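As structure tokens, the structure follows; a few thoughts come after it.
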Amino acid sequence: LITDVRLRRVLDSRGNATVEADVLTESGGFGRGKAPSGASTGEYEAIELPASEAIANAREDAIPRLVGEVHAGNQRDVDAALHAADGTDDFSGIGANSAVAISVAAAKAGADVLGAPLFQHLGGTFRGNELPTPLGNVVGGGEHAADATHIQEFLSAPIGAPSVSEAIFANAAVHQEVHDILGERGIAAGKGDEGAWAPSIDDAEAFEIVDEAVESVADDVGFAIQFGLDVAGAELYDEDEDGYVYGDEVRSTEEQIDYIADLVEEYDLVYVEDPLDENDYEAFAELTERVGDQTLVCGDDLFVTNVERLSQGIQQGAGNSILIKPNQIGTLTDTVDAIELAVENGYEPVVSHRSGETEDTTIAHLATATAAPFIKTGAVGGERTAKLNELIRIEDNAV
Ligand code: PGA
Ligand code: ZN
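All residue numbers for the sequence shown refer to full-length UniProt numbering, where the first residue is 3 and numbers rise by one.
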């Protein structure tokens, strides 16, 4: 039984305040969870409140429904109590940031009571044994860096790696190789919010550089490395222009579909996230029809880890992959429900970090527990390597 829930403001990787939750149980279990935060957030995400407000509201409404009432190990009960306390359909009552921090803290307390690693508690004995392939953000811009590429993320995808550990080191090597190539070209670059290089170059040059970097590292390591994109199309789409705005250039929806399909061909892209606007299921379906057997067409802002939005996508054939971010929907139960619906319908789940992160490692366990084929959690930087290093430990049976 949960005996205490403690909430506090802590820092995220951008230096903003976020919610940290501790859950304590009668039998001495302890768990701690933290909420991440997006910058290119989807219109249909659960609502993040200012941390202090989320904490105050959760103290008043959620904690009384948890303490002395619910077992930490019973995740569906914990998350149902959070929904009941919130009373809205988008967590605007207690804040999705309070909800997800408490949901994660309870899961960890439940695992602690069992003396099991979190992935074991979440996935059970009969979970699949595969570990996810990490997608590493190596160049980017969009909402994550000013004066850089229009496409938000260029993602190294070490699809031929024989182990998670080799995949993680390959992504870091691609990140370094990109820096070397930028240096050779005399291009200075800082880093964006997720640690990707954020040079002031056009997208065409970024494609050239990333293509060269993955090929060079693939030669070194001796396994296949390809790459993919998070276009973050909803951020490029402008209703007034009725198109996708790339600086001075505007692409109509049809042109955007052609552009993405051409990129998939030219660069053999294995992954394309949010190539189109979050309201345009039809365009997603058209692109999926064209390139869906060559690449993953992934919905992030389109689906926001929401089973209702995913169901609509399934009906229309929009995408063949879904990004999974627990804080987009607010609880682990809702998150796992979205993953299960995806898998049942042949959509590949990609478990993901946010651009604003903490040292919390839960998504590494969630991806392992659900045998998700991919995880997107950056390539370098402490709040990113926290997850990557946890995956290395999981692979090494050291958690
Ligand atoms: P966000 O970006 O966390 O800023 O929303 C990540 C993504 O779009 O995948
Ligand atoms: Zn995205």
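Note that beta-carbon positions come from the ideal geometry of N, C-alpha and C, so glycine has one too.
Predicted, not measured: the structure shown is a model, and the values here were computed from it.
May I ask you to verify whether the stretch 6-20 touches the stretch 31-39, counting CB pairs closer than 8 Å and requiring at least 3? yes
Considering just the uninterrupted stretch of the alpha helix (DSSP H) at K389, what are its terminal residues? 384-397
Hey, is Q228 close to ligand 2, as in C-beta under 8 Å from one of its heavy atoms? no
Report the start-end ranges of each alpha helix (DSSP H) in the stretch 135-198 that is 4 residues or longer and not cut off at the edges. 166-186
Measure the CB-CB distance between E22 and D303 and report whether it falls below 9 Å. no
Would you identify the three-state DSSP class for P66, choosing helix, strand or coil? Here P66 sits in helix by DSSP.
Among the candidates E186, P201, V212, G143, whose CA atom is the shortest distance from the CA of A175? V212
Near ligand 2: Q330 beta-carbon under 8 Å from a heavy atom: no
Using the three-state DSSP reduction, which class does I4 fall into: helix, strand or coil? Here I4 sits in strand by DSSP.
Bridge partners of R10, per DSSP? E22
Within its chain, find whatever has a CB closer than 7 Å to the CB of residue 480; leave out the 5 residues flanking it on each side and keep chain order. What the structure shows of the chain is the stretch from 3 to 401, and residue 480 is not part of that stretch, so it cannot be assessed.
Is any non-hydrogen atom of ligand 2 found closer than 8 Å to the C-beta of L325, if you look at the structure I gave you? yes
Thinking C-alpha only, which one of V216, G75, V166, A287 is nearest A111? G75
Compute the minimum distance between the beta carbon of H146 and the heavy atoms of ligand 1, and state whether it is under 8 Å. yes
Where S39 sits in the DSSP three-state scheme: strand
What residues match up with D232 in a beta bridge as DSSP calls it? Answer by DSSP bridge pairing, in chain order: E155, E275.
Taking buried to mean at least 16 other C-beta atoms within 10 Å of its own C-beta, is N322 buried or exposed? A residue is called buried when at least 16 other Cβ atoms come within 10 angstroms of its Cβ; N322 meets this threshold and is buried.
Since I believe Y273 is in contact with T297 (beta carbons under 8 Å), could you give me their beta-carbon distance rounded to a whole number of angstroms? 6 Å
Should P66 go down as buried or exposed, given a rule of 16 or more other Cβ atoms within 10 Å for buried? exposed
Among K389, G97, E145, which residue has its Cα nearest to the Cα of residue 402? Residue 402 lies beyond the residue range present for the chain, which begins at 3 and ends at 401; the question has no answer from this structure.
Using the C-alpha atoms, what's the distance from A263 back to D295? 12 Å
For V7, tell me which candidate among S100, P136, H355 has the shortest Cα-Cα distance. Minimum Cα distance to V7 is reached at S100.
How big is the Cα-Cα spacing for T337 and R187? Using only the alpha carbons, I get a separation of about 43 Å.
Grouping DSSP H, G and I as helix and E and B as strand, with all else coil, what is I262? helix
Same chain, Cβ closer than 6 Å to V401, neighbours up to 5 away in sequence not counted: A distance below 6 Å between beta-carbons, with the five flanking residues on each side excluded, links V401 to the following residues of its chain, in chain order: P119, R395.
Mapping the DSSP letters down to three states, classify V352 as helix, strand or coil. strand
Return the Cβ separation of A108 and Q77 in integer angstroms, given the expectation that the two are a contact with Cβ distance under 8 Å. Yes, they are in contact, since the Cβ atoms of A108 and Q77 sit about 7 Å apart, within 8 Å.
Suppose you measure from the CA of F171 to the CA of A215; what does that come to, to the nearest Å? 14 Å
Spatial neighbours of S354 in its chain, beta-carbon cut-off 8 Å, leaving aside the 5 residues before and after: Counting only Cβ-Cβ distances below 8 Å, and skipping sequence neighbours, we find D302, L325, I326, K327, I365, I377, K378, T379.
Pick from A87, V115, R61, E55 that is closest to G31, judged by C-alpha positions: The candidate whose alpha carbon is nearest that of G31 is V115.
What do you get for T27, buried or exposed, if any count of 16 or more other CB atoms within 10 angstroms of its CB means buried? buried
Straight-line gap, V309 to N347 (C-alpha atoms, nearest Å): 12 Å
Per DSSP, what are the beta-bridge partners of E251 in this structure? Y248
Between the beta-carbon of A381 and the beta-carbon of E361, is there less than 9 Å? no
DSSP state of R311 mapped onto helix, strand, coil: helix
Hey, quick one: how far does the alpha helix (DSSP H) through L84 stretch, first residue to last? 77-88
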